[in-house]
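Novice: Following this message is one structure expressed as structure tokens.
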């Protein structure tokens with residue numbers, strides 16, 4: 025699916041791959057159906073907010089609605105498998121939250137984990153293996169970025185950019201929506 029002009033020069037100094045507007049218009053790209061119509065599509069998103077503002081509750085709400093196919097706030101959703109990496113929780117806390125939010129209405133299409141590897145140290149492979157086992161996966165939620173960072177420099181923009189770029193490539197490769205929760209600084 026590479027429509028760039030002559031690529032024989034790739035690797036030569038000064039080479040810049042380009043495509044004309046006409047070539048771009050004449051290209052056909054695969055449709056990417058919405059996960060939540062008008063709100064969420066395949067790709068990579070950051071959901072950022074202050075600590076203790078309900079981000080995890082919102083993520084659980086979205087995960088549940090997508091996994092059941094029930095509309096979210098009257099927005100149609102595409103039903104599919106959801107993987108929620110609740111990396112700041114434990115199973116007991118998740119169970120309590122889910123019972124408070126949804127009662128006993130469980131779904132087989134929502135999978136939860138309270139542990140994962142980090143970016144660059146096996147996380148991508150874990151997600152790829154999950155999607156291979158569950159090919160109808162439409163959404164993976166990582167709650168939070170802090171837990172999957174690979175560097176000891178916890179607040180480095182370039183490190184975060186590198187980690188998120190790796191995850192963006194993975195989401196594109198798997199044609200899924202990847203939603204990454206992040207906290208604003210507490211200061």
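Numbering (the numbering used here), first residue to last: 25 to 211.
The C-beta atom is built at its ideal place from N, Cα and C for all residues, glycine as well.
Alpha carbon to alpha carbon, how far is residue 72 from residue 214? Give it in angstroms, no decimals.
Specialist: Nothing about residue 214 can be read from this structure; the chain reaches only from 25 to 211.
Novice: Kindly provide the ranges of any beta strand (DSSP E) runs that are 3 or more residues long and lie completely inside the segment 80–159, ordered along the chain.
Specialist: Counting only runs of 3 or more, we get 105–110 and 134–137.
Novice: Below 8 Å, can you find three or more Cβ-Cβ pairs linking the segment 145–162 to the segment 93–108?
Specialist: Taking 8 Å as the limit for Cβ pairs, the verdict is that the segment 93–108 does touch the segment 145–162.
Novice: Examine the Cβ distances between the segment 53–72 and the segment 191–201 and report whether three or more of them are shorter than 8 Å.
Specialist: Yes: the two stretches touch, three or more of their Cβ pairs being nearer than 8 Å.
Novice: To the nearest angstrom, how far is the alpha carbon of residue 85 from that of residue 46?
Specialist: Spanning the two alpha carbons is a distance of roughly 43 Å.
Novice: Can you have a look at residue 89 and say buried or exposed, based on whether 16 or more other CB atoms are within 10 angstroms of its CB?
Specialist: Buried, by the Cβ-count rule.
Novice: State the start and end residues of the unbroken beta strand (DSSP E) segment that holds residue 53.
Specialist: That residue, residue 53, is in no beta strand (DSSP E); it is neither H nor E in DSSP.
Novice: In the structure shown, what three-state DSSP assignment does residue 166 receive?
Specialist: Residue state, collapsed to three classes: strand.
Novice: Residues in its own chain within less than 8 Å of residue 190 by CB, not counting five upstream and five downstream?
Specialist: Result list for residue 190: 143, 144 and 148, in chain order.
Novice: Let's test the definition: count the other Cβ atoms within 10 Å of the Cβ of residue 131 and tell me whether it reaches 16, buried, or not, exposed.
Specialist: Classification for residue 131: buried.
Novice: For residue 100, collect the residues of the same chain with a Cβ closer than 7 Å to its Cβ; drop the 5 residues on either side in sequence, then sort them by chain order.
Specialist: Cβ neighbours of residue 100 beyond the five flanking positions: 61.
Novice: Only counting the same chain, and skipping five residues up and downstream in sequence, which positions put a Cβ closer than 8 Å to that of residue 95?
Specialist: Contacts found: 89 and 101.
Novice: Across which residues does DSSP place residue 69 in a beta bridge pair?
Specialist: In the DSSP output, where bridge partners are listed per residue, residue 69 has 203.
Novice: Within 10 angstroms of its Cβ, does residue 49 collect 16 or more other Cβ (buried), or is it exposed?
Specialist: Classification of residue 49: exposed, given that the 10 Å Cβ count is below 16.
Novice: Taking the alpha carbon of residue 58 as the point to measure from, which residue in 208, 202, 124 and 129 has its own alpha carbon closest?
Specialist: Of the listed residues, the one whose Cα sits closest to residue 58 is 202.
Novice: Rounded to whole angstroms, what is the Cα-Cα separation between residue 87 and residue 52?
Specialist: Taking the straight line from one Cα to the other gives about 31 Å.
Novice: Using DSSP with H/G/I as helix, E/B as strand and the rest coil, what is residue 190?
Specialist: Residue 190: helix per DSSP, three-state reduction.
Novice: Closer than 6 Å by C-beta to residue 207: which residues in its own chain qualify, once you throw out the five before and the five after it? Chain order, please.
Specialist: Counting only Cβ-Cβ distances below 6 Å, and skipping sequence neighbours, we find 75.
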